[in-house]
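Notes for the one structure printed next.
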Amino acid sequence: MAQQEILVVGTGAVGTIYAYSLHQSDKVRLTVVARGNYELVQEHGMYIKSRRFGNVEAWKPDRVVNSISSAADRQYSHVILATKCVPEVIKTSEILKPLLSAPYSDRFEQPVYVLLQNGLNIEVDLYRAIKSLGTPNEPRIINAGVYVFANLISANVVEHGPFARLDIGIYRPDDYKTMVNSPVEQQTLEQLKGLFHVCALYINIYPEIQRRKFAKNMLNIAYAACACLTRCSLTSLFRPPPTNIAYEPYLEPATADRVNLYTKKWIEDILNECICLGRAMGFPDSEDGLPSSIVESSMKNSEKNYSGPESNHNPSTLLDIEKGAPIEVEVIWGEAVRLAKERNVEVPRIEMAYAMLLLVQNQILLRRNKYAKEAQK
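Taking UniProt numbering, the leading residue of the sequence shown gets 1, the next gets one more, and so forth.
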C-alpha cells in the first residue's frame, strides 16, 4: 500500500505528540509546518520527554517547511490542524488559505481536514470556506476531542504525560442528533484511525462528535478558567503538602478548608452550568449523550492527575498568558456564552469568566499589536 501524504500544521505540544505518533506508522509520509520554530526543528528536531513514549531526541518528520504555502505542492489525503483557534487574531480559513485557493484548489482535490483544537463551533469557518470553492463534494471535516497532558516547555521541547487520546467524529453543520455514521463517514474515520501507530494512543470513533467536543470543552471552561484567573496551576488546588519528596506548588493547609469549600465548588458550579447548556442543546443524560456524572468524575480525575509529586502539567491557556500569547477565549468561553444566550440558559459563572478573560485577551493583543507596529518602524 502506498504511503499517505499527511500535512500537520503546528509544532506545539499537541501537534508534536500527534505528528510523532503518525510518523511511527509505515503508512504515512509526513510533512510538518513549523512556523515559529522552523529553524530549530529543521536543524535540531523536536525533543519529547514523555512518560508514554520515553525520551525521544531530535525527532524529525519526513519534511519540515516554514509555511503552508511551501507545503502546497502535492495532494494530501489529510491535513491536520494543531494550532490554537483564535479567530480574533486569524481565522482558520486564513491560516489554510494556500490550500483553499488557486492554484492549489485547481490542481488538487480538497483533503480531509482534521481539527485538533479546543473550542466549540470551530469547524464553521473552514466548512464555509471549502463550500465557497464550489466543488461538488461535501467538505470532509473531522473534529476531535483532544486529551493529552503535554506542554511545550521550550521552542523545540515537549513534555508529555502518560496518555494520549482522540475522540473523533464527522462534522455535520447544525446537526447534534444524528447518531449513526453513514458508510462513507465511518470509512473516513476508520482511515484516519488506521494511520496512527496503534500502540501510541487511543482513538475512539463517535457517530456524533459535538457532544464529545462539548464534554471536553467543559473541562477547559472550568479548569482553565480557574488557572487563568488566579494564575495558579491546578496542582496548587489539588496537591497535598509534600512528605518525603519536595515539590511546589501545593495546597497550603492554612486556608485549605476554604479553598475546598469555595474554589472547588466554583469549578463544580461551572461544570453544572455546562450540563444545563448541554441539555438545552439536546444532549441527553446518558453515556452516549452528556452524563451528569461527568461533574463528579472530572473532579476525581483532576485530583488524581494533579495530586502526584510528578505532576507538572499546566493548562495551555495559562502558559499562553504567561508567555503573552493570545488565548482561545472566544471559542472556549465566548461560544458557550453565545450558545447559552440563544437558548435562554443562565450561565452567570461562565459569563463572568468570559468577561474577565476578555480583558486579559485585550491586553495581550494590545502588547502584541504594539510590538508589531514598533517592529515595522
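Using N, Cα and C, we set each Cβ at its ideal position, and we do this for glycine too.
What you are looking at is a predicted structure, and each value in this text was computed from that prediction instead of being measured.
The DSSP assignment places 264–280, 294–306, 316–323 and 335–342 as complete runs of the alpha helix (DSSP H) inside the UniProt domain "Ketopantoate reductase C-terminal" (262–358), in order along the chain (cut-off: 4 residues). Boundaries of the alpha helix (DSSP H) around I95: T92 to I95. The segment 61–79 makes contact with the segment 26–39: 3 or more CB pairs, one atom from each, lie closer than 8 angstroms. Rounded to the nearest whole angstrom, the CA to CA distance from E351 to T255 is 27 angstroms. Annotated as distal: V331 and Y354, with beta-carbon spacing of 8 angstroms or more. The three-state reading of DSSP puts N37 in coil, since its state is none of H, G, I, E or B.
Between the beta-carbon of T317 and that of A224 there is about 5 angstroms, and that keeps the pair under the 8 angstroms contact cut.
Three or more Cβ pairs closer than 8 angstroms define a contact, and the segment 211–228 falls short of that threshold against the segment 158–165. Bridge partners of M46 according to DSSP: W59. Collapsing the DSSP output to three states places N260 in a helix. For the pair Y247 and P173, the CB atoms are not nearer than the 8 angstroms cut-off. If you draw a straight line from the Cα of A144 to the Cα of M218, it is about 14 angstroms long. When DSSP states are grouped into helix, strand and coil, A150 belongs to the strand group. A Cβ-Cβ distance of about 5 angstroms is found for the pair E5 and Y76, placing them in contact under the 8 angstroms criterion. Per the DSSP secondary-structure output, G145 pairs in a beta bridge with D167. Going by DSSP, V86 is part of no beta strand (DSSP E) at all; its letter is neither H nor E. If you draw a straight line from the Cα of E190 to the Cα of L7, it comes to about 18 angstroms.
Collapsing the DSSP output to three states places G194 in a helix. DSSP places Y202 in the uninterrupted beta strand (DSSP E) bounded by Y202 to I205. Under the 10 Å beta carbon count, P315 is surrounded by 16 or more other beta carbons and is classified as buried.
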